[in-house]
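Peer 1: Questions regarding the structure given below will be posed in turn.
In my numbering, the protein residues as written are -17 to 415.
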C-alpha cells in the first residue's frame, strides 16, 4: 500500500519532508567503472567499443558494422505494420509542429549611445542521441530527442541504441528515419557516451548528447559534460495528480499506474481535498493492478514510493505540488486553468479530466523528456533551445565609444586590469587627438 498523509495531522510536515527526500534512484557505485570505460574508449577507440559491446550486449561487431547499413535499416523498417507506421507518423508530425514554434529569433537594435547590440542563434553542428535498447527501447523517445534537433538546424544527427543479443526494434529505426537521423549505431552503455563525446576512428564526436539511460549512462554523461553538452541527468519517472470530487477513480488510477509501470523506482502521488476520492482511487489502483501486465513493476513502485495526500483545499494541493516539482502534473479538477495558474514548478502540466499524461508521452506535441527528482524547480524539458546557442553581438561607433568608454576604463582600473583599460584609452585618445 502507498503512504497515506493528511495535512491536518500533527506529523504531516515531518512525513512530507521525508517523502520529498526519499531516494528513489537506483544508483550503485558505478562511477569508478564508468571512469575506466571512458578511459578505455579514449585510449583504444573502436576496439574498446567493440570489446565492451561483446561483453555487455553479447553482440560481436566490427568497425564496419558499428552502424546499421541503409539496407539493414530498410529491411527492418519494412517489418513495421501500416497501423504502427501511421501512428508514428502522426506523432512525428505533431511533435515537429509544436517544436517549430519554439525557434527563437535573432535580434539587433541601436541604443541611445549609438551602439549596435543584439544576439544571434545558431545550432550545434552535431548531436548524439542515446536511446535505451532491449525492453526499454522506445521509438517515441527517438522522435522527442531527434525532431527538436532537426528543427533547430543540427547538421549531423546520430543515435546510439544498443541491440542486446542482436535484438532490433524496427519502430526505433523507423522513428530515426522519420526524424531525419543520419546514422544509427548499435552500441550502448557508458562506452557509447564516451565514443560520442571523444570520437573513435569510426564514430565522429558530437557537440551535444541527449537521451535517457541507466545508471552507467547517467554517470558517463556527468563525466563527459564540459567536453560536450548534455540535456539532463534523468531519474525515475514520476507523476502527481491533483483531483477533485469530479474525477473518475479508474481514470486517475490508470494515470498513476502509467508512470508506476515504467520502473520499480518510479513514483505516483495523488493529492486531493476529498477523502472519498482518495479512498476510491486507492481501491481502483488495487483493482487495476490485478490485470496489469507490468503489475509486478507497477505494484512495487506504488507500494514503495506511492503516496496519497489529503489536503484542506485545492490551493493547498497546488502548494504541495510546487514543493514536489513533479515531472508530470495532472490537474483532474473542474477548473484546471485556474488551478494551473497557481503552479510554478512542474515539468509538464496536463489540464482537465480528458488529458491523460500518456497523450504527452506520444502524440500531444510537447516534449516528454522532462526534469525529474524535483529539478523542475530550476530546469525545463527538452526543447529546440537545447540544440541552439546564443551569440551576443556588439558594435561601437566612435560616438558610442566616447559616450561609454570612460566608464569601462574606470572599471578596468578598479579591477587592476591595466591592458583592459588601455585598450579603451587608446581609442579614446585617437578620438581626442
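We treat Cβ as the ideally placed atom computed from N, Cα and C, and that holds for glycine.
Values in this document were obtained by computation on a predicted structure and should not be read as measured data.
Would you call residue 5 buried or exposed, if buried means 16 or more other Cβ atoms sit within 10 Å of its Cβ?
Peer 2: So residue 5 counts as exposed.
Peer 1: Are the beta-carbon atoms of residue 34 and residue 195 separated by less than 8 Å?
Peer 2: Cβ atoms of residue 34 and residue 195: not closer than 8 Å.
Peer 1: Among 398, 292, 355, which residue has its Cα nearest to the Cα of residue -6?
Peer 2: Closest option to residue -6, Cα to Cα, is 292.
Peer 1: Inspect the beta-carbon positions of residue 290 and residue 326 and report whether they are closer than 8 Å.
Peer 2: Cβ distance not < 8 Å, so residue 290 and residue 326 don't count as in contact.
Peer 1: Would you identify the three-state DSSP class for residue 162, choosing helix, strand or coil?
Peer 2: Three-state DSSP puts residue 162 in coil, outside helix and strand.
Peer 1: Give me the residue from 144, 58, 153 with the minimum Cα distance to residue 125.
Peer 2: Of the candidates 144, 58, 153, the one whose C-alpha sits nearest the C-alpha of residue 125 is 153.
Peer 1: Whole angstroms is fine: what's the gap from residue 230's alpha carbon to residue 336's?
Peer 2: Computed Cα separation, rounded: 10 Å.
Peer 1: Inspect the CB distances between the stretch 131 to 140 and the stretch 350 to 359 and report whether three or more fall short of 8 Å.
Peer 2: The stretch 131 to 140 vs the stretch 350 to 359: no contact.
Peer 1: Around the Cβ of residue 121, are there at least 16 other Cβ atoms within 10 angstroms (buried) or fewer (exposed)?
Peer 2: It counts as buried.
Peer 1: With DSSP run on the structure shown, which of helix, strand or coil describes residue 190?
Peer 2: Correct three-state label for residue 190: strand.
Peer 1: Do the stretch 183 to 192 and the stretch 212 to 224 make contact, defined as three or more Cβ pairs closer than 8 Å?
Peer 2: Flag = yes, the stretch 183 to 192 and the stretch 212 to 224 touch.
Peer 1: By the 10 Å Cβ neighbour count, where 16 or more other Cβ atoms means buried, how is residue 61 classified, buried or exposed?
Peer 2: Residue 61 comes out exposed.
Peer 1: Let's see if you can read the secondary structure: which residues bound the alpha helix (DSSP H) around residue 310?
Peer 2: Counting along the chain, residue 310 falls outside any alpha helix (DSSP H), though it belongs to the beta strand (DSSP E) covering 310 to 314.
Peer 1: Would you check if the stretch 345 to 352 and the stretch 197 to 207 touch, i.e. whether three or more CB-CB distances between them fall below 8 Å?
Peer 2: With the cut-off at 8 Å, the stretch 197 to 207 and the stretch 345 to 352 do not touch.
Peer 1: Which runs of the alpha helix (DSSP H) fall wholly inside the stretch 14 to 64 and span at least 4 residues, in chain order?
Peer 2: Runs of the alpha helix (DSSP H) inside the stretch 14 to 64: 28 to 39, 52 to 59.
Peer 1: Helix, strand or coil for residue 426 per DSSP?
Peer 2: This structure gives no information on residue 426, because the portion of the chain shown stretches from -17 to 415.
Peer 1: Please give the ranges of any beta strand (DSSP E) in the stretch 280 to 309, keeping only runs that are unbroken, at least 3 residues long and fully inside the region.
Peer 2: 289 to 292, all fully within the stretch 280 to 309.
Peer 1: Could you tell me if residue 207 is buried or exposed, where buried requires 16 or more neighbouring beta carbons within 10 angstroms of its beta carbon?
Peer 2: With fewer than 16 other Cβ atoms within 10 Å, it is exposed.
Peer 1: Buried or exposed: where does residue 246 fall if 16 or more other Cβ atoms within 10 Å of its Cβ makes it buried?
Peer 2: Buried, because 16 or more other Cβ atoms sit within 10 Å of the Cβ of residue 246.
Peer 1: When the Cβ atoms of the stretch 239 to 254 are set against those of the stretch 389 to 405, are three or more pairs found closer than 8 Å?
Peer 2: No contact exists between the stretch 239 to 254 and the stretch 389 to 405.
Peer 1: Can you give me the Cβ contacts of residue 12 inside the same chain, cut-off strictly under 6 Å, excluding the 5 residues immediately before and after it?
Peer 2: Around residue 12: 197, 198, 201.
Peer 1: Grab me the residues of residue 131's own chain with a C-beta within less than 7 Å of its C-beta, minus the 5 sequence neighbours each way, in chain order.
Peer 2: For residue 131, where only same-chain residues beyond five positions count, the Cβ hits under 7 Å are 109, 139, 369.
Peer 1: Between which two residues does the alpha helix (DSSP H) harbouring residue 105 extend?
Peer 2: Run containing residue 105: none in the alpha helix (DSSP H); it sits in the beta strand (DSSP E), 98 to 105.
Peer 1: Please list the segments of the alpha helix (DSSP H) lying wholly inside the stretch 343 to 399, counting only runs of 4 or more residues, in order along the chain.
Peer 2: Taking only runs of at least 4 residues, the alpha helix (DSSP H) segments lying wholly in the stretch 343 to 399 are 380 to 396.
Peer 1: When the Cα of residue 66 is compared with those of 155, 91, 30, 111, which residue comes out closest?
Peer 2: Answer by Cα proximity: 155.
Peer 1: Residue 180 and residue 347 - do their beta-carbons sit closer together than 8 Å?
Peer 2: Cβ distance not < 8 Å, so residue 347 and residue 180 don't count as in contact.
Peer 1: Would you check if the distance between the CB atom of residue 377 and the CB atom of residue 104 is smaller than 8 Å?
Peer 2: Not closer than 8 Å, so no.
Peer 1: Is it a yes or a no for the stretch 159 to 178 touching the stretch 406 to 413, going by three-plus beta-carbon pairs under 8 Å?
Peer 2: They do not touch, by the three-pair rule.
Peer 1: Have a look at residue 28 and residue 63 and give me their C-alpha separation to the nearest angstrom.
Peer 2: So the alpha carbons of these two residues sit roughly 35 Å apart.
Peer 1: Please classify residue 175 as buried or exposed, where buried requires at least 16 other C-beta atoms within 10 Å of its C-beta.
Peer 2: Its Cβ being crowded by 16 or more others within 10 Å, residue 175 is buried.
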